[in-house]
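Here the structure is laid out as structure tokens; the discussion comes afterwards.
Chains as they are written, first to last, in my numbering: chain U, 309 to 971; chain R, 2 to 321.
Structure follows, in structure tokens:
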């Protein structure tokens with residue numbers, strides 16, 4: 309036997325080798341695509357309700373379409389090279405806004421169909437927005453829908469006595485899937501019966517305390533006046549039946565006091581108790597083709613939000629049949645956009661095919677598009693230079709000055725700002741003079757020209773230029789003299805006696821270089837010493853959230869072209885504030901802007917708010933990002949814009965230039 | 002042989018369990034979680050997400066749930082991957098796929114790349130080693146030995162950069178990146194294989210030189226057999242023993258060495274999933290990758306040990 313084994317050994321090795329070869333090649337030679345581009349990281353999900361991120365944005369814009377779509381305006385580029393974007397009709401043919409700006413009426417076009425032939429209806433949108441707001445979907449961008457009346461309340465699950473609520477019973481077809489839902493009862497909340505709050509050990513961690521609070525809330529009993537359904541409509545005014553529900557109750561009955569008598573109502577178990585979506589939340593499908601959205605306040609950028617992927621529709625029957633996440637698989641997914649999903653190879657490519665039933669299919673010039681998941685900048689550059697991809701979305705920073713000379717290079721300032729956060733609760737940063745001095749001692753022009761070198765624009769305001777109708781409020785300029793004077797005024801002439809400051813940044817070469825330059829500037833101009841500390845991304849975010857820093861690096865990309873996206877986060881205790889800065893005047897200005905109808909006045913209020921922000925300096929803006937793209941010369945229709953939105957279906961290929969064979 | 006395999010199986014189960022436990026707690030001891038973003042998620046939404054993934058349960062409860070799911074599967078799990086055993090659960094960061102699906106797509110890529118690299122390393126290394134041994138101390142020997150050392154010393158990503166510069170840009174022979182055609186495998190496989198080819202050539206050379214000085218080879222020469230017959234039929238098998246024992250660590254090296262290459266050449270293999278899972282705190286995917294690697298390495302080493310008994314009659318399995 310051993311003899312046999314020894315003789316066979318080299319053959320086994322050879323056979324293994326050939327098998328590996330065959331296996332490797334069996335991935336098959338794909339027919340080449342018309343157009344390929346590198347999309348950065350692999351897309352996390354194709355579900356519009358759950359997606360977040362630029363790579364997802366590009367693919368979802370190709371696969372789906374919302375009520376509106378963001379397209380570049382047919383106008384020449386501005387002095388920065390940007391073409392303005394506007395939200396034009398997509399699935400919705402027309403959009404009407406009421407005079408008070410709070411009601412939007414969309415009419416869905418009759419030629420809008422899903423990829424399986426079903427027509428796209430207003431009910432699809434109502435269902436999709438409901439799903440996005442439902443807490444069980446756990447959508448990260450659900451806050452885009454908080455502009456709807458009761459959108460935030462629905463998502464938070466908070467209930468008040470007297471509310472009209474919906475109750476989902478524990479009889480779902482599949483308990484792990486939020487849709488299709490179990491039996492829904494509707495009624496008016498009569499009372500919330502809270503069992504005594506458990507005592508929490510004050511030494512317990514924040515997470516334990518939060519969990520204990522969460523568990524306690526799940527044990528609350530809700531006494532509901534459940535209303536009957538007549539002709540498939542809820543009769544809210546008819547007499548109802550008093551029942552009690554709880555998600556996870558510890559007792560069997562709830563005590564309810566009513567008309568001087570006390571009743572013990574048996575508690576029924578349920579899955580969810582939420583505000584009644586159909587009657588309370590500001591979106592309603594009036595009929596197949598009419599969708600009405602009711603907003604809390606007039607929101608001028610709502611049409612841009614309607615073009616954003618969080619508000620895209622999903623096909624209800626598909627989602628309910630396969631559940632999440634299986635409905636997004638290539639063999640199941642049903643889409644309504646200019647492209648269909650052919651297949652998806654994880655971390656390799658997503659292949660898209662032109663959708664012949666798209667309402668504007670005659671204007672799509674690409675048949676097959678490959679979305680390559682390439683993260684590494686150098687590899688993207690290599691693939692672009694050898695013609696494997698037609699559009700590279702990132703490139704090694706060090707080579708950018710060389711690449712800028714090429715005709716294929718397209719870049720323009722973006723709606724994003726690089727800035728430092730100052731923790732104003734930690735001395736000496738609690739003194740506004742010191743903060744102003746620190747800001748004025750940094751030469752941002754030099755930073756952009758010699759360190760960044762990709763055409764970044766030095767920033768004296770938080771909000772980038774390029775927003776229609778808005779003038780950013782400028783903060784202090786580069787003035788080392790004045791900075792020194794302020795520092796001396798604050799009691800630290802020439803930086804003497806100033807406690808050591810620390811700049812925190814996430815580990816990346818670019819951030820380190822900038823921090824070193826800032827360190828230099830402050831030492832030379834102010835005599836102030838700073839230390840640098842870097843943390844890995846996850847750890848760094850953690851520190852920032854816990855406000856465990858003095859000065860930290862940050863960046864912000866605007867979600868929509870309106871100053872609100874940059875300014876509303878700095879309100880007192882804002883979730884993204886993280887600087888401990890609080891100013892009631894600022895809070896009031898932001899609230900006023902949200903309620904202001906006149907667009908000019910509104911922009912003025914924002915200008916005042918930004919001026920206040922710049923004068924108090926809880927943040928130091930550095931520069932406005934430039935997003936570089938490399939686009940092969942055979943591609944036409946590629947324009948730069950401040951949000952770096954590039955719709956695939958407007959691209960065309962020059963017929964005279966052939967694709968390279970090396971793909 | 003049977004007792005040997007049985008004992009190894011028990012050791013493997015124990016090793017995997019220990020690796021699972023250590024990895025589980027080590028991963029979660031690092032600050033930062035899978036759902037941290039620069040744009041902070043509102044508290045309520047974050048709590049919804051954590052409830053969905055059971056991240057809000059106490060750590061010990063999560064541990065036993067993960068262990069139970071690994072051993073018995075989770076029939077109520079949402080994704081299709083749950084049909085297969087073992088069930089590593091859903092990926093926290095790639096929402097559309099379960100860890101099983103991700104690894105199932107990535108494993109063939111890494112495996113075929115690895116096998117290709119090993120086969121190439123064996124072929125190149127043994128040839129170089131044999132030539133070196135026969136023509137010992139000649140010019141060819143020196144050159145081959147120098148190249149072997151260079152192959153071992155130079156990191157494979159440096160080799161990759163040089164290879165890309167030469168064979169993709171200067172002489173456009175190969176595509177720059179990607180996976181699917183034969184051309185796209187060659188460059189990464191060769192870069193991956195060169196250090197191991199270096200080791201194998203040195204091992205073969207030493208083994209060969211040892212064997213060639215033995216009595217039975219002198220007998221073969223005395224019988225008048227041609228050089229080629231002596232080397233290939235008689236000497237080679239004995240000389241390859243150290244190479245076989247090296248295959249275990251070589252498999253290790255090939256699997257781990259491919260991480261950087263997968264990034265440079267954009268290969269959708271397990272290495273890239275592993276690295277991304279670690280940086281993105283995707284606990285189930287990282288755990289799945291770690292366990293698959295552990296299993297593979299254990300199996301490779303066991304195969305190598307078992308093969309001794311088959312190849313070398315001087316080794317008795319009962320002694321192991």
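Heads up, the beta-carbon is just placed ideally off N, CA and C, and yes, glycines get one too.
Min CB distance residue i to chain U below 8 Å
{"i": "residue 138 of chain R", "result": "no"}
{"i": "residue 212 of chain R", "result": "no"}
{"i": "residue 302 of chain R", "result": "no"}
{"i": "residue 83 of chain R", "result": "Because the pLDDT of residue 83 of chain R is 47, which lies under 50, any placement of that residue in the model is unreliable, and the question is left without a value."}
{"i": "residue 201 of chain R", "result": "no"}
{"i": "residue 293 of chain R", "result": "no"}
{"i": "residue 109 of chain R", "result": "yes"}
Proximity to residue i [Cα-Cα], best of the options
{"i": "residue 152 of chain R", "options": "R:136, R:194 and R:254", "result": "R:194"}
{"i": "residue 765 of chain U", "options": "U:752, U:775 and U:776", "result": "U:752"}
{"i": "residue 740 of chain U", "options": "U:361, U:655, U:921 and U:895", "result": "U:921"}
{"i": "residue 572 of chain U", "options": "U:379, U:562 and U:806", "result": "U:562"}
{"i": "residue 566 of chain U", "options": "U:498, U:903, U:467 and U:648", "result": "U:498"}
{"i": "residue 350 of chain U", "options": "U:356, U:362, U:358 and U:357", "result": "U:362"}
For residue i, the three-state DSSP class (helix, strand or coil)
{"i": "residue 498 of chain U", "result": "strand"}
{"i": "residue 1060 of chain U", "result": "In the structure displayed, chain U extends from 309 to 971; residue 1060 of chain U sits before or after that span and is not available."}
{"i": "residue 641 of chain U", "result": "coil"}
{"i": "residue 81 of chain R", "result": "Per-residue confidence for residue 81 of chain R stands at a pLDDT of 47, beneath the threshold of 50, marking its modelled position as unreliable; the derived number appears in the next sentence. The answer is helix: DSSP assigns residue 81 of chain R an H, G or I state."}
{"i": "residue 415 of chain U", "result": "strand"}
{"i": "residue 398 of chain U", "result": "coil"}
{"i": "residue 678 of chain U", "result": "strand"}
{"i": "residue 648 of chain U", "result": "strand"}
{"i": "residue 762 of chain U", "result": "coil"}
{"i": "residue 842 of chain U", "result": "strand"}
{"i": "residue 819 of chain U", "result": "helix"}
{"i": "residue 717 of chain U", "result": "strand"}
{"i": "residue 12 of chain R", "result": "helix"}
{"i": "residue 549 of chain U", "result": "strand"}
{"i": "residue 703 of chain U", "result": "coil"}
{"i": "residue 856 of chain U", "result": "coil"}
{"i": "residue 533 of chain U", "result": "strand"}
{"i": "residue 360 of chain U", "result": "coil"}
{"i": "residue 452 of chain U", "result": "helix"}
Minimum Cβ-Cβ distance from residue i to chain R less than 8 Å
{"i": "residue 444 of chain U", "result": "yes"}
{"i": "residue 690 of chain U", "result": "yes"}
{"i": "residue 654 of chain U", "result": "yes"}
{"i": "residue 578 of chain U", "result": "no"}
{"i": "residue 274 of chain U", "result": "Residue 274 of chain U lies beyond the range of chain U shown here (309 to 971); nothing can be said about it."}
{"i": "residue 328 of chain U", "result": "yes"}
{"i": "residue 323 of chain U", "result": "no"}
{"i": "residue 319 of chain U", "result": "no"}
{"i": "residue 699 of chain U", "result": "no"}
Run of the alpha helix (DSSP H) containing residue i, from where it starts to where it stops
{"i": "residue 514 of chain U", "result": "514-526"}
{"i": "residue 471 of chain U", "result": "Counting along the chain, residue 471 of chain U falls outside any alpha helix (DSSP H), and DSSP gives it neither H nor E."}
{"i": "residue 344 of chain U", "result": "Note, residue 344 of chain U: premise wrong, no alpha helix (DSSP H); beta strand (DSSP E) at 343-346."}
{"i": "residue 436 of chain U", "result": "430-441"}
{"i": "residue 755 of chain U", "result": "First-last for residue 755 of chain U: undefined, no H or E at that position."}
{"i": "residue 934 of chain U", "result": "Residue 934 of chain U -> not in any alpha helix (DSSP H); beta strand (DSSP E) instead, spanning 927-934."}
Segment limits, beta strand (DSSP E) that includes residue i
{"i": "residue 192 of chain R", "result": "Element bounds for residue 192 of chain R: not the beta strand (DSSP E) but the alpha helix (DSSP H), 183-213."}
{"i": "residue 661 of chain U", "result": "657-662"}
{"i": "residue 160 of chain R", "result": "Note, residue 160 of chain R: premise wrong, no beta strand (DSSP E); alpha helix (DSSP H) at 157-165."}
{"i": "residue 565 of chain U", "result": "561-566"}
_Members of the region 628-644 of chain U near chain R, C-beta cut-off 9 Å_ = 631, 632, 633, 634, 636 and 637
*Which residues, in chain order, does the region 45-60 of chain R contribute to contact with chain U at a C-beta distance below 7 Å?*
45, 46, 48, 49, 50, 53 and 57
*asked:* Using a Cβ-Cβ cutoff of 7 Å, what residues of the region 553-564 of chain U are near chain R? List them in chain order.
replied: none
*asked:* Can you pull out the residues from the region 179-195 of chain R whose beta carbon lies closer than 7 Å to at least one beta carbon of chain U?
replied: 179, 180, 181, 182, 183 and 186
*chain R contacts from the region 353-369 of chain U (Cβ-Cβ distance under 8 Å)*: 353, 354, 355, 358 and 360
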